[in-house]
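All remarks here apply to the structure that follows.
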Amino acid sequence: MAITALKVATWNVNSLNVRLAHLLRWVQTDPVDIICLQETKLVDENFPVEALTDAGYRSLFSGQKAYNGVAILLRQRTVGEADDIRTRLPGIDDEQRRLLAATVDGIRVVCAYFPNGQAVGSDKYSYKLKWIASLHEWLRAELQRYRQLVIAGDFNIAPEARDVHDPQAWEGQVLFSEPERAAFRGLLGLGLKDGFRLFDQPGRMFTWWDYRNLAFRRKQGLRIDHILLSQELAASCRSCSIQAEMRALEQPSDHAPVVATLELASGASAGD
DNA sequence: ATGGCCCGTAGAACGGGA
Numbered sequence: 002m003a004i005t006a007l008k009v010a011t012w013n014v015n016s017l018n019v020r021l022a023h024l025l026r027w028v029q030t031d032p033v034d035i036i037c038l039q040e041t042k043l044v045d046e047n048f049p050v051e052a053l054t055d056a057g058y059r060s061l062f063s064g065q066k067a068y069n070g071v072a073i074l075l076r077q078r079t080v081g082e083a084d085d086i087r088t089r090l091p092g093i094d095d096e097q098r099r100l101l102a103a104t105v106d107g108i109r110v111v112c113a114y115f116p117n118g119q120a121v122g123s124d125k126y127s128y129k130l131k132w133i134a135s136l137h138e139w140l141r142a143e144l145q146r147y148r149q150l151v152i153a154g155d156f157n158i159a160p161e162a163r164d165v166h167d168p169q170a171w172e173g174q175v176l177f178s179e180p181e182r183a184a185f186r187g188l189l190g191l192g193l194k195d196g197f198r199l200f201d202q203p204g205r206m207f208t209w210w211d212y213r214n215l216a217f218r219r220k221q222g223l224r225i226d227h228i229l230l231s232q233e234l235a236a237s238c239r240s241c242s243i244q245a246e247m248r249a250l251e252q253p254s255d256h257a258p259v260v261a262t263l264e265l266a267s268g269a270s271a272g273d
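Position in the first sequence counted from 1, then plus 1, gives you the working numbering.
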């Protein structure tokens, strides 16, 4: 029985058109096996399939014009074909493309772009909570079907005070309101583990920094992008880190990637 | 300082993001 290392990442690119070069450079130096992308902002006809094929990745995507849009990239050498692909969340029937799920080598991979919510009490905030409730129920069923499940994405929720640069200022604000935090805890209650918190981490570790106010340089961020793992995958997780250097590049996304490394026992691994 | 930036759609500002 061989041990296979599998790297899973999530990154909100804030327009894949603008960030494609960053993505290609990243995977050239660090060939992550499974990459969940959010805010691609591309209709499917414009998805850069060819550039990613040349880079060694199969692309799954669900896009719309101007907003939202999610994708899963699968490294051809190390990951098998995708199966049971889903783009819709039961109970949410609109044009917003925020979910993409696929089964790869027996692992259920869920890429999620949670609604932002705009402001507590707004219609968009209500939509956010409704969307998460629908996701919760769907994930409950998925976890019955799959022992190995990972949900990676932009959750737009900072789970705890230590995930916020200034918790007092952010308390009760969108991204750090109690109903949102409770919804996040609800997902953990399904048996999912926050990959980043499986390990001791330094303080002030964030995944998003506002473009304004020199927020990145001032370390004024939030940890809102997450990789949650089913119990079985959590047991196989060896590290989980934030690629903050990506936020320091020229013309960066305002989000940094999060990467988890799993060590899986497997009988066969294509290409290795 | 009741904001500052970035992206897409525009074809000028404006909605949306977080």
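Where is the CB? At the ideal position from N, CA and C, for every residue including glycine.
Since the model is a prediction, treat every value here as computed from it, not as a measurement.
Residue range D124 to R146 is occupied by the alpha helix (DSSP H) that includes K129.
The closest CA to that of E251, considering only V28, R20 and I4, is found on R20.
In the DSSP assignment, A266 falls within the beta strand (DSSP E) that extends over V259 to S267. Cβ neighbours of G92 within its own chain (closer than 6 Å, five residues either side excluded): S135. Look at T88 here: in three-state DSSP terms it is coil, with no helix or strand label. If you ignore the 5 residues before and after G57, its C-beta comes within less than 8 Å of the C-beta of V28, P32, R76, Q77 and R78, all in its own chain and listed in chain order. Considering only L130, N69, R146 and E82, the residue with the shortest C-alpha distance to C112 is N69. Non-local beta-carbon contacts of V105 in its own chain, meaning distances under 7 Å to residues more than five positions away in sequence, involve I35, L75, V80, G81 and A83 in chain order.
With contacts defined by Cβ atoms closer than 8 Å, F197 and H227 form a contacting pair.
If you draw a straight line from the Cα of C37 to the Cα of G64, it is about 13 Å long. In this structure, G107 and Q149 form a Cβ contact; the two beta carbons are roughly 6 Å apart against a cut-off of 8 Å. A direct Cα-Cα distance of roughly 32 Å separates R224 from D55. By the neighbour-count definition (other C-beta atoms within 10 Å, threshold 16), A159 is a buried residue.
Taking each of A170, A3 and L53 in turn and checking the Cα distance to L17, the smallest one comes out for L53. Per DSSP, Q252 is not a residue of any beta strand (DSSP E), being assigned neither H nor E. Assignment of G118 by DSSP, reduced to helix, strand and coil, places it in the coil class.
Taken in chain order, the complete beta strand (DSSP E) segments of 3 or more residues contained in the region 37 to 110 are 58 to 63, 71 to 76, 83 to 87 and 100 to 105.
In this structure, F217 is the residue among L7, D124, F217 and W132 with its C-alpha nearest to the C-alpha of D255. Minimum Cα-Cα distance from L193 among the listed residues L25, I152, A120 and A245 corresponds to I152. Per the Cβ contact rule, the region 259 to 269 is not in contact with the region 162 to 179 (fewer than 3 Cβ pairs under 8 Å).
Under the DSSP assignment, L25 falls in the alpha helix (DSSP H) whose first and last residues are L17 to T30. In this structure, DSSP gives D195 an extended state, which the three-state scheme calls strand. Across the set I4, P203, A249 and Y126, the C-alpha of A249 shows the shortest separation from the C-alpha of H23.
Here L176 carries a coil assignment [DSSP, helix/strand/coil]. Rounded to the nearest whole angstrom, the CA to CA distance from R141 to I243 is 27 Å. Counting along the chain, the unbroken beta strand (DSSP E) around L7 starts and ends at A3 to N13.
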